[in-house]
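Here is the structure we will look at.
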Amino acid sequence: MPSKLKHDFEFEPDYGYTLSQLKALHPDDRPRGFKSFWQNKYQHALQIRPDVAIQDCHQDTPNWRIFKCYYNSTKQMRCGGWLLLPHSGVVKQAIISAHGYGGIEQVDCPVSLNNTAVLMPCSRGIGLSAKAPISDNPMWHVLHNIQDKERYIIGGCVQDLWCGVSALLRLFPQVTNKIGLMGSSFGGGLCIFASAFDPRIQRAHFHVPTFGNVALRLKLATHGSGKALQDFYQQQPKLALSTLRYFDSATAATYLRCPSHWALALFDPFVAPPGQFSAYNNAPQPKQLTVLKAGHFDYPEQQQQRQQVNQQLATFFAELTKHE
5 MPSKLKHDFE FEPDYGYTLS QLKALHPDDR PRGFKSFWQN KYQHALQIRP DVAIQDCHQD
65 TPNWRIFKCY YNSTKQMRCG GWLLLPHSGV VKQAIISAHG YGGIEQVDCP VSLNNTAVLM
125 PCSRGIGLSA KAPISDNPMW HVLHNIQDKE RYIIGGCVQD LWCGVSALLR LFPQVTNKIG
185 LMGSSFGGGL CIFASAFDPR IQRAHFHVPT FGNVALRLKL ATHGSGKALQ DFYQQQPKLA
245 LSTLRYFDSA TAATYLRCPS HWALALFDPF VAPPGQFSAY NNAPQPKQLT VLKAGHFDYP
305 EQQQQRQQVN QQLATFFAEL TKHE
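Residues 5 to 328 (our numbering) are what the sequence shown spells out, left to right.
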């Protein structure tokens, strides 16, 4: 039976699913033209000249020198974020870290990475990438231009990651074929799309990723941006599905071609576990899975499980340059 955590939510964030039931979910709701839709978005992003600019923040951590970093993305977007560089050694590989809807809470990378540049971009409309009229409130951000799948903001957020890859390659051409991607929650969902359609990305990690199994996700009680999508769906079901079916990370996961590492929760009030596991189940091998007791929720073993995942990721991303 699902493990029960004490909580004050009006619903059970494990949704009554056992681990074996979660692993049995294999949604297949691929809309016509899904692959070409995303390939076109990728080709558009490749045409953008990044025009990278970096600025020293003079706020180093024990492991990193920290710089502000700005680069161009699609639709005249100027993305801002942080670039973390090692104190010594030569940059041999690069990682892009995509944040959740809480923004970048701490400019640091908890994963032990040698000879690595880490780019932490802010998604368009959020933090250093703020731009009117995009709201930084997750409940509104996730609905921005949802009426048109070509203009829906989530597509632009994925393009921001692709343009981030271009920015890294402009700064460090030696990291070609040695670029990894990792993201959590909102950022985890974005990373599934980004890594599925960008062959420049060689390895990817997804932590409690969102956007999986749209048809089921719209029916399961939830909090946060998912609730905003459900409310919109209740008002405009046909319009919502005409866009959201193209933004299902479980469908995108079928196109993954790089090794992937997943950290998925059995209990999560903001990203329903069935959506998380639907994306994982649809992803081809090679893939690794770590099962977390909960996501978006504090629990006694949380720090221990975080350390376990970080240790796994240090080994996982070290493979980028292992065979030099």
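We treat Cβ as the ideally placed atom computed from N, Cα and C, and that holds for glycine.
Cβ-based neighbour list, residue i, same chain, cut-off 6 Å, excluding 5 preceding and 5 following
i           : result
residue 148 : 138, 157
residue 211 : 188, 192, 267
residue 220 : 278
residue 126 : 84, 85, 132, 133
residue 5   : Confidence at residue 5 is low in this model, with a pLDDT of 46, below 50, so the placement of that residue should be treated as unreliable; the coordinate-derived value is given next. If we look at residue 5 and ignore the five residues flanking it on each side, it has no Cβ neighbours.
Residue i vs residue j beta-carbon contact at 7 Å
i           : j           : result
residue 172 : residue 123 : yes
residue 116 : residue 318 : yes
residue 244 : residue 196 : no
residue 97  : residue 324 : yes
residue 348 : residue 283 : What is shown of the chain runs 5 to 328, which leaves residue 348 out entirely.
residue 322 : residue 296 : no
residue 57  : residue 146 : no
residue 258 : residue 285 : no
residue 152 : residue 77  : no
residue 222 : residue 199 : no
residue 73  : residue 87  : yes
residue 218 : residue 194 : no
residue 140 : residue 150 : no
residue 75  : residue 54  : yes
residue 263 : residue 241 : no
residue 112 : residue 65  : yes
residue 61  : residue 70  : yes
Start-to-end residues for the alpha helix (DSSP H) that takes in residue i
i           : result
residue 166 : 157 to 175
residue 313 : 306 to 322
residue 39  : 38 to 50
residue 282 : 277 to 286
residue 245 : 241 to 248
residue 145 : 142 to 145
residue 120 : First-last for residue 120: 120 to 125, but that is the beta strand (DSSP E), not the alpha helix (DSSP H).
residue 189 : First-last for residue 189: undefined, no H or E at that position.
residue 253 : 253 to 256
residue 25  : 23 to 26
Segment limits, beta strand (DSSP E) that includes residue i
i           : result
residue 220 : Residue 220 -> not in any beta strand (DSSP E); alpha helix (DSSP H) instead, spanning 218 to 221.
residue 72  : 69 to 76
residue 89  : 82 to 89
residue 293 : 291 to 296
residue 269 : 264 to 269
residue 101 : 97 to 102
residue 60  : 57 to 60
residue 205 : 205 to 211
Proximal residues to residue i (C-beta, below 7 Å), its chain only, five neighbours per side dropped
i           : result
residue 43  : 201
residue 19  : 224, 276, 277, 278
residue 38  : 250, 255
residue 204 : 169, 183
residue 15  : 225
residue 27  : 281, 285
Residue-level contact to chain E via CB, residue i, 7 Å cutoff
i          : result
residue 59 : Included in the structure is just one protein chain, with no chain E present.
Contacting residues, own chain, Cβ-Cβ under 8 Å from residue i (five flanking each side not counted)
i           : result
residue 50  : 166, 170
residue 119 : 90, 93, 94, 95, 96, 97, 325
residue 312 : 294
Supposed close pair residue i, residue j - CB separation, criterion 8 Å
i           : j           : result
residue 135 : residue 81  : 7 Å
residue 3   : residue 320 : There is simply no residue 3 to check, as the chain begins at 5 and stops at 328 in what is shown.
residue 216 : residue 253 : 5 Å
residue 17  : residue 272 : 6 Å
residue 226 : residue 274 : 6 Å
residue 314 : residue 114 : 5 Å
residue 105 : residue 228 : 7 Å
residue 301 : residue 9   : 7 Å
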